[in-house]
Amino acid sequence: MDRTTAPGGRRQRFFGGDDSIGLVDIAASNVAHWLGVMEEVGGVTPLLTDEEYPALCQWAKRYAGDETVKQCLPKRDELFAMYSGFKEMFQAMATSQNQ
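In terms of UniProt numbering, the sequence shown opens at residue 1 and continues consecutively.
Below, the structure written as C-alpha cells:
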C-alpha cells in the first residue's frame, strides 16, 4: 500500500494519480485521521510509521491537511472523547462477562 509512484517514477500526491483527491483517497481516509486517534486511545504502538511507510504517511498528511477535507473531518479531540467512551464501555462489558 506504500506504492504511490506513477509510471515514469513521478510521485503521486493522491491515489487517483494526480493532484486531486479521488474515491480511493476517501476510502482510505481512516488511515489519515482516525487511525492515530484509535492508536492513542488504545495505547498501542503506531501501526504506520514514517520509517516503515514513508509514502503512505506523507499521503496521510497531505490528505488530512487539505482545506476541503479539514472541513469534513471531525475534530481530533471529539474523536478522542468518542473512542475513549467506546473503550470504557467495552472494558465494562468485558469485565461484567468475566464475573
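Where is the CB? At the ideal position from N, CA and C, for every residue including glycine.
Please report how far the alpha carbon of residue i lies from the alpha carbon of residue j, in whole angstroms.
i     : j     : result
LYS70 : ALA64 : 6 Å
PRO74 : ALA28 : 16 Å
THR45 : GLY17 : 31 Å
LEU23 : LEU35 : 19 Å
VAL31 : THR68 : 17 Å
LEU79 : THR49 : 21 Å
ASP77 : MET89 : 18 Å
THR4  : ASP25 : With a pLDDT of only 48 at THR4, under 50, the local geometry of the prediction cannot be trusted, and no value is derived from it.
HIS33 : CYS72 : 11 Å
SER84 : GLU51 : 28 Å
MET82 : GLN91 : 14 Å
Please report the Cβ distance between residue i and residue j, rounded to the nearest whole angstrom; I am assuming they are in contact, meaning their Cβ atoms lie under 8 Å.
i     : j     : result
LYS87 : VAL41 : 6 Å
Between residue i and the rest of its own chain, which residues show a CB-CB distance below 8 Å, the 5 nearest in sequence each way excluded?
i     : result
ASP66 : ILE21
By Cβ distance below 6 Å, which residues in the same chain neighbour residue i in space, the five residues on each side in sequence not counted?
i     : result
ASP19 : ARG13
PRO7  : Low confidence applies here, because PRO7 scores a pLDDT of 43, under 50, leaving its location unreliable and the question unanswered by this model.
Apart from the five residues on each side of it in sequence, which residues of its chain come closer than 7 Å, Cβ to Cβ, to residue i?
i     : result
GLU39 : PRO46 and LEU47
*asked:* Three Cβ pairs or more, each shorter than 8 Å: is that satisfied between the segment 54-66 and the segment 85-97?
replied: The segment 54-66 vs the segment 85-97: no contact.
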